[in-house]
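Asks: Going by my numbering, the first residue of the sequence shown is number 1, and it counts up by one from there. The beta carbon of each residue, even a glycine, is placed where N, CA and C say it ideally should be.
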Amino acid sequence: MSIRNSNSIPVKPKIHTAIWIFCRVALLVWGIVEFFLGNTVQFLQSLFAIAFTHLWDMFQMWGGKSFIIKVPYYLQTELNVFICVGCVVGTSLNLHTDFEYMDIILHTFAGVLSQSFMFELIPLVNGRNRETGPAMQAMFSFTGAIAILVGWEIYEFTMDRLYGMFMQRSDLFSEVGLTDTMWDLINGTIGALCSMFILAFSRNGKLRREKKK
Numbered sequence: 001m002s003i004r005n006s007n008s009i010p011v012k013p014k015i016h017t018a019i020w021i022f023c024r025v026a027l028l029v030w031g032i033v034e035f036f037l038g039n040t041v042q043f044l045q046s047l048f049a050i051a052f053t054h055l056w057d058m059f060q061m062w063g064g065k066s067f068i069i070k071v072p073y074y075l076q077t078e079l080n081v082f083i084c085v086g087c088v089v090g091t092s093l094n095l096h097t098d099f100e101y102m103d104i105i106l107h108t109f110a111g112v113l114s115q116s117f118m119f120e121l122i123p124l125v126n127g128r129n130r131e132t133g134p135a136m137q138a139m140f141s142f143t144g145a146i147a148i149l150v151g152w153e154i155y156e157f158t159m160d161r162l163y164g165m166f167m168q169r170s171d172l173f174s175e176v177g178l179t180d181t182m183w184d185l186i187n188g189t190i191g192a193l194c195s196m197f198i199l200a201f202s203r204n205g206k207l208r209r210e211k212k213k
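1. For the candidate residues A145, Y73, M139, L106, whose alpha-carbon lies nearest to that of T17?
2. Can you tell which of G127, I148, I146, P123 has the C-alpha that lies nearest to the C-alpha of M136?
3. With G111 and S170 assumed to form a contact (beta carbons below 8 Å), what rounded beta-carbon distance in angstroms separates them?
4. Starting from M58, follow the alpha helix (DSSP H) in both directions and report where the run begins and ends.
5. What is the residue span of the alpha helix (DSSP H) that C23 lies within?
6. Compare the beta carbon distance of F109 and G191 with 8 Å and say whether it is the shorter of the two.
7. Using DSSP with H/G/I as helix, E/B as strand and the rest coil, what is Q115?
8. Assuming E120 and V71 are in contact, meaning their beta carbons sit under 8 Å apart, how far apart are those beta carbons, in whole angstroms?
9. So the alpha helix (DSSP H) V176 belongs to, where does it begin and stop?
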């Protein structure tokens, strides 16, 4: 459970702060190593990733009186772990090994994370005077998660076309890029669906054991 200061801003427990610091240090070390290996793109990726690990802090600094400052800190913890694993582990495996299954893990977890974020965001946007039931909240957050997953694939396509990257493994003379994109969306959708049902049932009390009288 989070605690709040006098300004009603949630204060992170120390364990979450430690996780954030660890992820940022790991990303920085990874970026420096990749830079000396000649992978400048990965070095820039690490700097961009480190900036994203400060997203929750940015909400608190620049959110003013808007709903964005009420976004739970633990979503940033999930995002930091995801970014760290995706960059340090996922990118390294793709660059230096023949491991083929990291993409499945990352995109499935991306679906879970996107749905969790949207699930928390919807009631904040609605405000206190408009209550949304857990089932409806889960369904709407699922559609928001799909939008985020599609947005990521648009980003990958743009980077491939503008900067000659190989994020979608696209080839003008084959369907490899299309297949990769569709599997990414399918894996992300599976993760979002699982998260949707778990959150809906848990908030409705369906996953709690009934106490014996």
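Replies: This is what the structure gives:
1. With respect to the C-alpha of T17, the residue from A145, Y73, M139, L106 having the closest C-alpha is Y73.
2. Minimum Cα distance to M136 is reached at P123.
3. Contact between G111 and S170 is absent: CB atoms are separated by about 22 Å, not below the 8 Å threshold.
4. Per DSSP, M58 belongs to the alpha helix (DSSP H) from 55-62.
5. Per DSSP, C23 belongs to the alpha helix (DSSP H) from 14-36.
6. A contact, by the Cβ cut-off of 8 Å.
7. Three-state DSSP puts Q115 in a helix.
8. With 8 Å as the limit, E120 and V71 qualify as a contact, their Cβ atoms being about 7 Å apart.
9. Its alpha helix (DSSP H) spans residues 176-203.
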